[in-house]
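**Q**
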Amino acid sequence: MEQTFEQALSRLEEVVDTIENGETSLESALSLYKEGLLLSKTCGEMLNRYEAEITLLQKDAEGVFSQKPFPES
Amino acid sequence: MRKQLFTVAQVNRYIKRLLEEDTLLSGVYVEGELSNVKPHSSGHLYFTLKDESAAINAVMFKSNARALAFEPRNGMKAVLFGYISLYEKTGQYQLYAEYMEPAGVGDLQAAFIQLRDRLQAEGLFEQTRKRPIPAYVCCVAVITSPTGAAVRDILRIIRNRNPAVKVVVAPALVQGAEAAADISRAIAEVNEWAGADVIILGRGGGSMEDLWAFNEEATARAVAGSAIPIISAVGHETDFTITDFVADLRAPTPTAAAAMAVFDRTEMLSHVQALKDILGKTTRGLLDRQRAAYRALTRSRFLQKPLEPVYQRQLYVQSLQKTADRLMRDRLAREKTALANREALLSKVSPYAAWKRGFAVVRAEQGTVLTSINALSLGETVTLQFQDGSANASVNQIIKR
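Chains A and B, in that order, are what the protein sequence lines are. At the far end of the first sequence sits residue 73, using this note's numbering, and the numbering has no gaps. At the far end of the second sequence sits residue 401, using this note's numbering, and the numbering has no gaps.
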């Protein structure tokens with residue numbers, strides 16, 4: 001999640017910045033707009049994703065890691 | 001012979017003065033065990049300080065008692081500083097305590113300062129070696145006691161702010177002699193597992209002894225050596241441990257640590273929505289401006305009447321033409337007048353003007369013009385030239401004037 005969300009968000013901010021600066025031609029502004037819409041949709045989806053689990057980290061005698069659900073009392 | 005007779009008050013006052021004048025007893029450190037601890041309604045603290053073979057009454061006034069960082073309890077070993085004096089009313093001498101600390105705290109504080117200075121000299125607290133906490137974490141590892149309020153608070157805050165973030169609890173002892181080693185082990189294991197983007201290391205509040213594991217060198221070095229950034233959240237806001245100084249970020253409480261570790265999902269959603277809004281508004285604005293520019297252009301005088309410049313040039317040429325014509329006419333008129341004038345002048349001075357007045361040009365036979373009678377001879381044929389022709393004549397008579 002980190003890579004793609006972070007990348008998507010920073011690209012979205014870049015796009016908004018570029019369009020706001022007003023130096024773009026109408027054509028490139030429209031294509032940036034399309035890209036920006038798609039990015040904001042992606043970000044929204046990633047944010048509204050599932051609820052992650054909470055686990056307890058364990059390492060056994062052989063040095064193998066495992067996780068079991070954390071008992072939320 | 002009777003010795004001098006004193007009142008009880010006088011005796012007590014004398015003893016009080018003796019005690020208060022003694023240098024040692026005016027400011028003395030005493031160590032002992034607290035018993036009969038009785039907080040009075042007035043706010044003053046009354047208790048007994050004792051050891052295996054002796055005891056002394058003690059009192060700590062409200063102003064000093066209020067400043068105590070801990071709660072004095074029966075059985076607690078403490079170090080006190082104060083003066084010894086006599087309460088005249090009862091004849092009871094007591095220790096008037098101005099300062100109290102749990103026994104051994106002095107040692108702990110000395111050890112703390114020593115380690116802190118040593119590690120600081122090594123540069124372990126430098127701001128430059130602290131790593132930034134990643135802005136968008138996927139997975140948080142929490143090293144703390146798996147029971148207790150701290151872990152539950154952290155889990156709750158993370159869930160509230162961003163349920164999409166995964167949380168892994170790596171349990172460790174957070175108190176006692178084995179805690180430092182156990183915390184180091186947990187940090188090493190989380191680094192080995194390598195699944196977390198950030199570690200929260202913490203525990204709830206407690207006394208200096210309770211938090212001591214976070215002031216030990218082993219813990220400090222484990223925190224410094226962690227490849228994964230560590231947020232330390234030990235005790236209450238006012239507790240500062242060596243772990244706090246070495247960590248990449250210090251949080252005043254475990255809940256603050258959780259807030260620092262994960263971004264708020266709702267806020268981020270608003271931010272993305274806001275960006276989307278700016279995107280839409282700005283693009284629409286751009287489109288509107290282009291349309292307006294286009295409309296302005298189509299309304300321009302030039303586009304409405306494209307031939308107008310041509311007409312204007314035509315008019316200009318015409319006017320030039322008119323001017324040229326006029327100038328020419330004027331010139332011609334002037335020339336004509338001048339010519340007529342010259343003609344008039346010419347005919348005035350022309351010899352042939354005399355013809356009109358009746359003069360004729362007299363020429364000899366050869367053609368020479370005769371201007372005097374002396375050039376005449378009788379009987380000579382002369383030619384008389386008139387304006388409209390000529391006539392031959394012969395000289396009949398010559399008359400001198």
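For each residue, glycine too, the CB sits at the ideal point set by N, CA and C. Keep in mind the model is a prediction, meaning the values are calculated, not measured.
Cβ of B:E20 less than 7 Å from any chain A Cβ?
**A** With 7 Å as the cut-off, B:E20 does not count as an interface residue toward chain A.
**Q** Using 10 angstroms around the beta-carbon of B:T23, count the other beta-carbons present and answer buried if the total reaches 16, otherwise exposed.
**A** Exposed, by the Cβ-count rule.
**Q** Does the beta-carbon of B:L6 have 16 or more other beta-carbons within 10 angstroms, so that it is buried, or is it exposed?
**A** Residue 6 of chain B is actually Phe in this sequence, not Leu. The residue in question, B:F6, is exposed, as its Cβ has fewer than 16 Cβ neighbours within 10 Å.
**Q** Closer than 8 Å between beta carbons: that is the criterion. Which residues of the segment 200-218 of chain B meet it against chain A?
**A** The residues in question: there are none.
**Q** According to DSSP, is B:A218 part of a helix, a strand, or is it coil?
**A** In the structure shown, B:A218 sits in a helix (DSSP, three-state: H, G or I).
**Q** Apart from the five residues just before and just after B:A247, which ones in its own chain have a Cβ nearer than 6 Å to its Cβ?
**A** V223, I230, S232.
**Q** Which bits of chain B does A:V16 rub up against, with CB to CB less than 8 Å?
**A** Within 8 Å Cβ-Cβ: L275, I278, L279, T282.
**Q** Can you list, in chain order, the residues of its chain with a C-beta nearer than 7 Å to that of A:T24? Leave out the 5 residues immediately preceding and following it.
**A** Correct list, in chain order: T18, L32.
**Q** When you compare each of B:A135, B:I113, B:G75, B:A9 to B:A258 by their alpha carbons, which one comes out closest?
**A** Out of B:A135, B:I113, B:G75, B:A9, B:A135 has the C-alpha closest to the C-alpha of B:A258.
**Q** Between B:P229 and chain A, is there a C-beta pair that is closer than 7 Å?
**A** Chain A, which has no Cβ nearer than 7 Å to the Cβ of B:P229, makes this no.
**Q** Quick one: does B:A233 have its CB under 7 Å from some CB of chain A?
**A** By this cut-off, B:A233 is not an interface position.
**Q** In chain order, what residues of the same chain have a beta carbon less than 8 Å from the beta carbon of B:K131, not counting five sequence neighbours either side?
**A** With the sequence shown as reference, residue 131 of chain B is identified as Arg, and Lys is not the correct amino acid for it. Contacts found: P229, D248.
**Q** Using the C-alpha atoms, what's the distance from A:L37 back to A:S10?
**A** Answer to the nearest angstrom: the Cα atoms are 14 Å apart.
**Q** Can you tell me which residues form a DSSP beta bridge with B:T48?
**A** DSSP lists B:S35, B:N57 as partners of B:T48.
**Q** Is the CB-CB distance between B:S35 and B:N74 below 7 Å?
**A** Their beta carbons are under 7 Å apart, which means B:S35 touches B:N74 by this criterion.
**Q** What does the Cβ neighbour count give for B:K356, buried or exposed, with the cut at 16 atoms within 10 Å?
**A** It is exposed - the Cβ of B:K356 has fewer than 16 other Cβ atoms within 10 Å.
**Q** Which chain B residues sit within Cβ distance under 8 Å of A:L38?
**A** Simply none; closest approach about 11 Å.
**Q** Let's test the definition: count the other Cβ atoms within 10 Å of the Cβ of B:R17 and tell me whether it reaches 16, buried, or not, exposed.
**A** Label assigned to B:R17: exposed.
**Q** Looking at B:L173: is its Cβ nearer than 7 Å to the Cβ of B:I84?
**A** Their beta carbons are not under 7 Å apart, which means B:L173 does not touch B:I84 by this criterion.
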